[in-house]
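First the structure, in the form of structure tokens, and then the observations on it.
There are 2 protein chains.
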Amino acid sequence: MLIDNKGSSRQLVEKCITCPGMRHCLPHGLKGNEMERVSDMVKHRRPFQRGEQITMMGDEFTSLMVVHSGFVKSYKVSRDGEQQIVGFYMSGDVLGVEGISTGNYGYTAEALETTSVCTLSFRNYEYCSSHFPVMQKWLLNTMSRQIIDEQKMLLMLGKMSAEQRIANFLLDMSRRMSASGTSIQTIRLPMSRIDIANYLGLVVETVSRLLTRLQANDILIVKRRVISIMDLNRLQAIADNSIEDCHPLHHAA
Amino acid sequence: MLIDNKGSSRQLVEKCITCPGMRHCLPHGLKGNEMERVSDMVKHRRPFQRGEQITMMGDEFTSLMVVHSGFVKSYKVSRDGEQQIVGFYMSGDVLGVEGISTGNYGYTAEALETTSVCTLSFRNYEYCSSHFPVMQKWLLNTMSRQIIDEQKMLLMLGKMSAEQRIANFLLDMSRRMSASGTSIQTIRLPMSRIDIANYLGLVVETVSRLLTRLQANDILIVKRRVISIMDLNRLQAIADNSIEDCHPLHHAA
DNA sequence: CGTATTCTTGATGGACATCAAGATACGTGG
DNA sequence: CCACGTATCTTGATGTCCATCAAGAATACG
Chain P
1 MLIDNKGSSR
11 QLVEKCITCP
21 GMRHCLPHGL
31 KGNEMERVSD
41 MVKHRRPFQR
51 GEQITMMGDE
61 FTSLMVVHSG
71 FVKSYKVSRD
81 GEQQIVGFYM
91 SGDVLGVEGI
101 STGNYGYTAE
111 ALETTSVCTL
121 SFRNYEYCSS
131 HFPVMQKWLL
141 NTMSRQIIDE
151 QKMLLMLGKM
161 SAEQRIANFL
171 LDMSRRMSAS
181 GTSIQTIRLP
191 MSRIDIANYL
201 GLVVETVSRL
211 LTRLQANDIL
221 IVKRRVISIM
231 DLNRLQAIAD
241 NSIEDCHPLH
251 HAA
Chain F
1001 MLIDNKGSSR
1011 QLVEKCITCP
1021 GMRHCLPHGL
1031 KGNEMERVSD
1041 MVKHRRPFQR
1051 GEQITMMGDE
1061 FTSLMVVHSG
1071 FVKSYKVSRD
1081 GEQQIVGFYM
1091 SGDVLGVEGI
1101 STGNYGYTAE
1111 ALETTSVCTL
1121 SFRNYEYCSS
1131 HFPVMQKWLL
1141 NTMSRQIIDE
1151 QKMLLMLGKM
1161 SAEQRIANFL
1171 LDMSRRMSAS
1181 GTSIQTIRLP
1191 MSRIDIANYL
1201 GLVVETVSRL
1211 LTRLQANDIL
1221 IVKRRVISIM
1231 DLNRLQAIAD
1241 NSIEDCHPLH
1251 HAA
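For the record, the sequence lines run as chains P and F.
Number 244 in the working numbering belongs to position 244 of the first sequence; there are no gaps in the numbering.
Number 1225 in the working numbering belongs to position 225 of the second sequence; there are no gaps in the numbering.
Here it is, written out as structure tokens:
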């Protein structure tokens, strides 16, 4: 028996079928009864609280996880103890695929706020995928997108200035946080400045300074973790390096 | 008809079955006749010469490609024209998976030396994978490994010093260039210093200087593109940052 | 051979890190 | 509700690693 979520009590028995975010999560194209069967294999555990670890780097890979709600960061730890955040994940994003090849999770994933994830054991995934080709396509698409995103980050870390990195980061967050693909004006960042800096290969002071500068140039309004994009075009121009930098607020008026 | 390589002439009709590197390439576990059928779908074209482009960023995604022999670099181009190398590929490495989600290749791949690649159209892949589960597993493993490798690069670019990056790069090349998993002492780098620098988020002068320094410290012997690792332990220590830097050859003896 | 490309080496500069300290927000218990 | 301690964020002064600029040396190549 592969399908094994029946026996265990104490887990929230919310079904994917009734989940409002279903269409971002379980692949489209499943027929009604197929959907039902896949849905039955997905476990919904108690949500994780801020700071709780969802996967630990090095732990045995067992399951793919889809973020249902909340916000997650993932980071690798190098041999000398340095941490590098490799991704932020929100509703619909998939955790754990890096474990498929090695059998161990490749990073530690940690909830940045109260977060619930839907878990599908890889065993069950394999069972599904052999019956429903659309599941296969879903995972390939997911992984392909992760590869693209990481390559974009390589470009950011390898070639872009601190200001460009911040601009791209904000635009990306704004876009991902809107349900649709269009960026929204005001976002509430769930992560600290330290996390942002770490993700972008900078230090916290640099992030702080640049946010201040972008505000002084009327491109952003920064209120702690709430950021409003006041001039999308100029922010995009900075991200693309298609203009000179914005003015470096020395003894400004 | 999915299988379509019969009609076309002018392609080298080398069969995977007879390929010495087969076990690094087509997935193990295929039965004899399965192997035969998969093999028939794989096209072997005329090799690419140095500088020729194998895929162009933005072109329509049609096929997965496995490097049979030779050496390939791939790079993205940002909106302002900056290039960032995102990977080097050698025998057995797979190109093109990033195109699965978008339908377009995500980078330009270019031969660094005479290179032959084996091409499997994604259509045919899907046909295979639905019949031979081991093919599915093969692609998932491949993509999972690419994700891991890119995340390691994120750590390099985000947190490591120039010297650490070079050390890690050389160790990685040495390991990958040996048929087995153990590093070999002498490697011949197929890429220029400029490419190395670009890949590592540095400039060519920095790479040159650091190689010189590593040589002065008896860790390497550098002869143009031929590099011998004389002290693997110290090189590893530098890569891991588990010692202080090696001596910065000021007016040295 | 002569020209181009790649690689090395030196001198100088700048972007971002580090060090230091104050300001603001946050949580907790009285 | 306020007092107090702590974590987060901001701002300034200084330092450093690596980029930039410049030019020579070694190799490749027609």
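Ideal placement from N, C-alpha and C gives every residue a C-beta, glycine not left out.
Assuming the contact rule is C-beta atoms closer than 8 Å, residue i and residue j should be a hit. Round their C-beta distance to whole Å, please.
i, j, result
"Thr-55/P", "Leu-120/P", "Not confirmed; about 14 Å, so no contact."
"Arg-1193/F", "Ser-1208/F", "6 Å"
"Asn-1198/F", "Ile-1085/F", "5 Å"
"Leu-1030/F", "Phe-1132/F", "6 Å"
"Ile-1147/F", "Ile-148/P", "Incorrect: roughly 11 Å between the Cβ atoms, too far for contact."
"Val-42/P", "Cys-118/P", "5 Å"
Who are the neighbours of residue i on chain P, taking C-beta pairs under 7 Å?
i, result
"Val-1066/F", "Within 7 Å Cβ-Cβ: nothing; Val-1066/F doesn't reach chain P, min ~16 Å."
"Gly-1103/F", "Under the 7 Å cutoff, chain P gives no residues; its nearest Cβ is about 10 Å from Gly-1103/F."
"Asn-1141/F", "Ile-100 and Ser-101"
Going by other Cβ atoms of all chains shown within 10 Å of its Cβ, with 16 needed for buried, is residue i buried or exposed?
i, result
"Ser-1074/F", "buried"
"Lys-273/P", "Nothing can be reported for residue 273/P: it is not among the residues displayed for chain P, which extend from 1 to 253."
"Leu-235/P", "buried"
"Ile-196/P", "buried"
"Gly-70/P", "buried"
"Ser-242/P", "exposed"
"Val-1072/F", "buried"
"Asn-233/P", "exposed"
"Pro-190/P", "buried"
"Glu-60/P", "exposed"
"Arg-1165/F", "buried"
Note down the Cα distance separating residue i from residue j, rounded to an integer number of angstroms.
i, j, result
"Ile-184/P", "Pro-1047/F", "48 Å"
"Gln-1083/F", "Thr-115/P", "37 Å"
"Met-173/P", "Thr-186/P", "10 Å"
"Ile-1238/F", "Met-57/P", "23 Å"
"Ile-1229/F", "Gly-99/P", "31 Å"
"Leu-1155/F", "Ile-1219/F", "24 Å"
"Trp-138/P", "Ser-180/P", "19 Å"
"Val-222/P", "Arg-176/P", "19 Å"
"Asp-231/P", "Gly-51/P", "34 Å"
"Glu-36/P", "Glu-163/P", "47 Å"
"Thr-1062/F", "Thr-1182/F", "35 Å"
"Ala-109/P", "Thr-1018/F", "44 Å"
"Arg-188/P", "Leu-210/P", "18 Å"
"Ser-130/P", "Asn-124/P", "10 Å"
"Gly-262/P", "Gly-32/P", "With chain P covering only 1 through 253, there is no way to say anything about residue 262/P."
"Val-67/P", "Asp-40/P", "17 Å"
"Ser-178/P", "Lys-152/P", "20 Å"
"Asn-1217/F", "Leu-1170/F", "16 Å"
"Leu-214/P", "Val-134/P", "44 Å"
"Glu-1034/F", "Gln-1053/F", "32 Å"
"Asn-1104/F", "Asn-141/P", "13 Å"
Excluding the 5 residues preceding and the 5 following residue i in the sequence, name in chain order all residues of the same chain whose CB lies nearer than 6 Å to its CB.
i, result
"Gly-201/P", "Leu-157"
"Gly-87/P", "Ser-74"
"Gly-1092/F", "His-1024 and Cys-1025"
"Met-143/P", "Val-97"
"Gln-136/P", "Ser-129"
"Val-226/P", "Arg-188"
"Leu-1112/F", "Phe-1071, Lys-1073, Pro-1190 and Met-1191"
"Met-1/P", "Reliability fails at Met-1/P, whose pLDDT of 38 lies under 50, so the model's placement of it is uncertain and the value that follows must be treated cautiously. Cβ neighbours of Met-1/P beyond the five flanking positions: none."
List the residues of chain F whose Cβ lies closer than 8 Å to the Cβ of residue i, in chain order.
i, result
"Met-193/P", "Residue 193/P is actually Arg in this sequence, not Met. Correct list: empty, because the minimum Cβ distance to chain F is about 16 Å."
"Gly-21/P", "The contacting residues do not exist; Gly-21/P stays about 20 Å from chain F at best."
"Glu-267/P", "With chain P represented from 1 up to 253, any question about residue 267/P goes unanswered, as that position is not in the structure."
"Gly-181/P", "Within chain F, no residue comes near Gly-181/P; the closest Cβ sits about 13 Å away, beyond 8 Å."
What residues in its chain sit with their C-beta under 8 Å from that of residue i, if we drop five residues either side in the sequence?
i, result
"Met-1022/F", "Cys-1016"
"Val-1203/F", "Ala-1197"
"Tyr-89/P", "Val-67, Phe-71, Val-72, Lys-73, Ser-74, Leu-95 and Ala-109"
"Gly-1106/F", "Met-1057, Lys-1076, Glu-1098 and Gly-1099"
Residue i versus chain P: which residues are under 9 Å apart at the beta carbon?
i, result
"Pro-1133/F", "Glu-126, Ser-129 and Ser-130"
"Asp-1240/F", "Ser-78, Arg-79 and Asp-80"
"Met-1049/F", "One point to set straight first is that residue 1049/F is Gln, not Met, in the sequence displayed. In chain order: nothing, as chain P lies at least about 26 Å away."
Please list the partners that residue i has in chain F, where partner means a Cβ-to-Cβ separation under 7 Å.
i, result
"Glu-150/P", "Ile-1147, Glu-1150, Gln-1151 and Leu-1154"
"Gly-58/P", "Under the 7 Å cutoff, chain F gives no residues; its nearest Cβ is about 13 Å from Gly-58/P."
Going along the chain, which residues of its own chain have a beta-carbon closer than 7 Å to the beta-carbon of residue i, five neighbours each way excluded?
i, result
"Asp-240/P", "none"
"Glu-1014/F", "His-1044"
"Thr-206/P", "Ala-162 and Ala-197"
"Gln-49/P", "Ala-111 and Thr-114"
Please list the partners that residue i has in chain P, where partner means a Cβ-to-Cβ separation under 8 Å.
i, result
"Gly-1106/F", "Ile-147, Ile-148 and Gln-151"
"Val-1086/F", "Gln-151, Leu-154 and Leu-155"
For residue i, which residues in chain F fall below 9 Å Cβ to Cβ?
i, result
"Lys-159/P", "Ser-1078, Glu-1082, Gln-1083, Gln-1084, Asn-1198 and Gly-1201"
"Gln-53/P", "Correct list: empty, because the minimum Cβ distance to chain F is about 17 Å."
Could you check whether the Cβ of residue i sits closer than 7 Å to any heavy atom belonging to the ligand COA?
i, result
"Gln-236/P", "Among the ligands in the structure shown, none appear at all, so the ligand COA cannot be discussed."
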